[in-house]
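Asker:
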């Protein structure tokens, strides 16, 4: 099953240990949604993905990674 | 717990109270007249007053949409199964039977209750999955 992973948790800590509440307020969602995102239980809309990426001054693909079945880190790096 | 979850708990509580009241009242007034207690489920119409004005984000809307779809599908299946049962009762089994016209209102009542109850359960299940692992 295709899966979208993210590194929001790490990026929060790299940005002055930003709390989930603070991040939620900045991107206009609830803290529950940030929790679900970090746990990989919710895939955000494109709009929310961009807002999150802009909050961390990153590109979307730096925050979110797509991994389909059979993808391995090695195969991804060769593409 | 957000507004949508509180609304769902309210609906589930009303449904459980109705069921309990039915089981208590039925032995005294009879199985069919006791269905009147399910009229209490009309109180579920008050749910929009709970958490009015609380903001909902895209995930809340997505969960509400999926839960409504789940409730509608469950309700649809319940109605079809009930209709099949009635059909079998009327034309199968011992030949041609008759059913009371009140059966129609009972099926409609059941469809509404199943819709709201299943939707509330789906909301609790969909939120419940992702409320662990809370950290700052």
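Residue numbers (this note's numbering), protein chains in the order written: chain A, 1 to 79; chain B, 1001 to 1136.
Idealized CB from N, CA, C, for every residue including glycine.
Just to confirm the assignment: which complete alpha helix (DSSP H) runs, minimum length 4, are found wholly within the stretch 1020-1108 of chain B?
Answerer: Whole alpha helix (DSSP H) segments, 4+ residues: 1058-1091.
Asker: For my contact list, residue 34 of chain A and residue 20 of chain A are in at a C-beta cut-off of 8 Å; report their separation, rounded to the angstrom.
Answerer: Residue 34 of chain A to residue 20 of chain A, Cβ: 4 Å. Contact.
Asker: Hey, would you say residue 1116 of chain B sits closer than 8 Å to residue 1003 of chain B, going by beta carbons?
Answerer: Against a cut-off of 8 Å, the Cβ pair of residue 1003 of chain B and residue 1116 of chain B comes out as no contact.
Asker: Is there at least one Cβ from chain A nearer than 8 Å to residue 1058 of chain B's Cβ?
Answerer: With 8 Å as the cut-off, residue 1058 of chain B counts as an interface residue toward chain A.
Asker: Would you identify the three-state DSSP class for residue 59 of chain A, choosing helix, strand or coil?
Answerer: In this structure, residue 59 of chain A counts as coil in the three-state DSSP scheme.
Asker: When we look at the beta-carbon of residue 1047 of chain B and count the other beta-carbons within 10 Å, is it buried (16 or more) or exposed?
Answerer: That one is buried.
Asker: Measuring alpha carbon to alpha carbon, tell me which residue in B/1068, B/1103, B/1080 and B/1090 is nearest residue 1121 of chain B.
Answerer: Of B/1068, B/1103, B/1080 and B/1090, the residue nearest in Cα terms is B/1068.
Asker: Check the Cβ-Cβ distances between residue 65 of chain A and every residue of chain B, and say whether any is below 8 Å.
Answerer: So no, residue 65 of chain A is outside the interface.
Asker: Hey, residue 1078 of chain B and residue 1031 of chain B: beta-carbon distance below 8 Å or not?
Answerer: Cβ distance not < 8 Å, so residue 1078 of chain B and residue 1031 of chain B don't count as in contact.
Asker: Name, please, each residue of chain B whose Cβ falls closer than 8 Å to the Cβ of residue 29 of chain A.
Answerer: Those are 1057, 1058 and 1059, listed as they occur along chain B.
Asker: Could you give the distance in angstroms between the alpha-carbon of residue 1087 of chain B and the alpha-carbon of residue 1123 of chain B?
Answerer: Those two C-alpha atoms are separated by around 33 Å.
Asker: In angstroms with no decimal places, state the Cα-to-Cα distance between residue 1062 of chain B and residue 60 of chain A.
Answerer: Rounded to whole angstroms, residue 1062 of chain B to residue 60 of chain A spans 22 Å at the Cα level.
Asker: Considering only C-alpha positions, which residue in the set B/1125, B/1019, B/1085 and B/1011 is nearest to residue 1104 of chain B?
Answerer: Among B/1125, B/1019, B/1085 and B/1011, the Cα nearest to that of residue 1104 of chain B is on B/1085.
Asker: Rounding to the nearest angstrom, what Cα-Cα distance links residue 1017 of chain B and residue 1108 of chain B in this structure?
Answerer: In a straight line, the C-alpha of residue 1017 of chain B is about 20 Å away from that of residue 1108 of chain B.
Asker: Can you find at least 3 beta carbon pairs, one from the stretch 1091-1098 of chain B and one from the stretch 1010-1026 of chain B, that sit closer than 8 Å?
Answerer: As far as the Cβ criterion goes, the stretch 1091-1098 of chain B does not touch the stretch 1010-1026 of chain B, which means the pair count is below three.
Asker: Measure the CB-CB distance between residue 29 of chain A and residue 1059 of chain B and report whether it falls below 8 Å.
Answerer: Going by C-beta atoms, residue 29 of chain A is nearer than 8 Å to residue 1059 of chain B.
Asker: Within a Cβ cutoff of 8 Å, which residues of the same chain sit near residue 1070 of chain B, ignoring the five residues on either side of it in sequence?
Answerer: So the list reads 1118, 1119 and 1122, once near-sequence residues are dropped.
Asker: Given that residue 48 of chain A touches chain B, what residues does it touch there, using C-beta distances under 7 Å?
Answerer: Per Cβ cutoff of 7 Å: 1058.
Asker: Ordered along the chain, which non-local residues of its own chain (more than five positions away) have a Cβ less than 8 Å from that of residue 1054 of chain B?
Answerer: Cβ within range, chain order: 1002 and 1003.
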